[in-house]
Amino acid sequence: MAAETGAAEAQPKPPVDVPVIVLSGPSGSGKSTIVDRLVRESPVKLVKVISATTRPPRPTEKDGEDYYFLSPEEFERRRQAGEFLECAEVHGSGYWYGTLLSELRRAAEQGGWALPEIDVQGALRVMEVYPDALTIFLKTPSEEEYERRLRKRGTESDEAIQRRLQTARNELQYAHRYRYQVINDDLDRAVREIVDIISQWEEKAHA
Ligand code: ADP
Ligand code: 5GP
0 MAAETGAAEA QPKPPVDVPV IVLSGPSGSG KSTIVDRLVR ESPVKLVKVI SATTRPPRPT
60 EKDGEDYYFL SPEEFERRRQ AGEFLECAEV HGSGYWYGTL LSELRRAAEQ GGWALPEIDV
120 QGALRVMEVY PDALTIFLKT PSEEEYERRL RKRGTESDEA IQRRLQTARN ELQYAHRYRY
180 QVINDDLDRA VREIVDIISQ WEEKAHA
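If you read the sequence shown in numbering that gives the first Met the number 0, its first letter stands for residue 0, the second for the next number, and so on.
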């Protein structure tokens, strides 16, 4: 066993000095729905981090609001320039998604907590860089409910839904790595639970 030295190992400083709250969970767990509510109802100012993606926009999505929609070439250029906190190909879809450092800077400038809404592999990376982040894993009450909600949303093909369900099964294995797990059964109840978690976290930070 290693000898106790009493000296904590120095953590590298995060690239942007900003509090981070990560909400993640499988596709269909309700992340987007809850993030939109939290931005309005949270007791502390939350700044939704807009990810970049190479996925094409859905009919209702707007560039710069839902995502920054980038060509694969532009995404790769920015990746090589070190502009991402994390990025990954998600769901084996061939599409890339990433958290831009410029978005964390925007949150810091606005005096809010940065709130990225990302998949589990991205969240694990963020936890490495921001070990003090408040991390919340969102679940549906049952596995069947992911499928029901994805079908109800109606934005994916059958094949894409099956791929997302397979990813969901893998992602659920990482739920214990988050500080909190919340079940999105009733939307209002789940939002209230997360608002309480944020309030307690904020109180602890100032205690
Ligand atoms: P994600 O961003 O995690 O993929 P969404 O926020 O798009 O998930 O939610 C998936 C679908 O489930 C949407 O149609 C949304 O309206 C619906 N939904 C979200 N929360 C609930 C809930 N508590 N009860 C029933 N349906 C919900
Ligand atoms: P969608 O295509 O449904 O908008 O998102 C697909 C998945 O990509 C979701 O699980 C979402 O959380 C994830 N995602 C969105 N933005 C990012 C990001 O910046 N980084 C990572 N790693 N995943 C992301």
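Think of the CB as a built atom: it goes at the ideal place given N, C-alpha and C, for glycine as much as any other residue.
All of these numbers come straight from a predicted model, not from anything done at the bench.
(request) Could you check the C-alpha separation between Ile117 and Val21 for me, to the nearest Å? (result) The residue given as residue 117 occupies position 118 in the sequence shown. The residue given as residue 21 occupies position 22 in the sequence shown. Their backbone Cα atoms lie some 7 Å apart in a straight line.
(message) Judging by CA-CA distance, which residue of Val38, Phe136, Ser70, Arg178 is the nearest neighbour of Glu170?
(response) Counted from its first residue, the sequence shown places residue 170 at position 171. Out of Val38, Phe136, Ser70, Arg178, Phe136 has the C-alpha closest to the C-alpha of Glu170.
(request) With Leu113 as the anchor, note down where its beta strand (DSSP E) starts and where it stops. (result) Reading the sequence shown from its first residue, position 114 is the one you call residue 113. The residue you asked about is not Leu; residue 113 is Ala in the sequence shown. Looking at the DSSP string, the run of the beta strand (DSSP E) that includes Ala113 is 112-115.
(message) DSSP three-state label for Glu202, please.
(response) Translated into the one-based positions of the sequence shown, residue 202 becomes position 203. DSSP, reduced to helix, strand and coil, places Glu202 within a helical segment of the structure shown.
(request) Give the DSSP-derived three-state secondary structure of Gln180 in the structure shown. (result) Position 181 of the sequence shown holds residue 180. It is a strand residue.
(request) Going by DSSP, name the residue or residues bridged to Ala87. (result) Walking along the sequence shown from the start, residue 87 turns up at place 88. Bridge partners of Ala87: Tyr96.
(message) For Tyr96 and Glu155, I'd like the C-alpha separation in whole angstroms.
(response) As a first step, residue 96 must be located in the sequence shown, where it is residue number 97. As a first step, residue 155 must be located in the sequence shown, where it is residue number 156. Their backbone Cα atoms lie some 17 Å apart in a straight line.
(message) Please report the distance separating the alpha-carbon of Arg105 from that of Val38.
(response) As a first step, residue 105 is located in the sequence shown; it is residue number 106 there, counting from the start. As a first step, residue 38 is located in the sequence shown; it is residue number 39 there, counting from the start. Distance between the alpha carbons of Arg105 and Val38 is about 15 Å.
(message) Using a Cβ-Cβ cutoff of less than 6 Å, which residues in the same chain neighbour Ala167 once the five nearest sequence positions on both sides are dropped?
(response) Residue mapping note: residue 167 aligns to position 168 of the sequence shown, counting from 1. The residues are Pro25, Tyr145.
(request) Please state if the CB of Val19 and the CB of Ala204 are separated by a distance shorter than 8 Å. (result) Translated into positions along the sequence shown, residue 204 becomes position 205. Translated into positions along the sequence shown, residue 19 becomes position 20. For Ala204 and Val19, no; Cβs fall outside 8 Å.
(request) Check the DSSP bridge columns for Leu22 and list the partner residues they point to. (result) Along the sequence shown, read from residue 1 onward, the residue named residue 22 stands at position 23. BP columns for Leu22 point to Glu116, Ile135.
(request) Report the residue from Ile33, Glu201, Arg191, Val17 whose alpha carbon sits nearest the alpha carbon of Leu103. (result) For the purposes of this step, residue 103 is taken as residue 104 along the sequence shown, with counting starting at 1. Selected option, being the one with the closest Cα: Val17.
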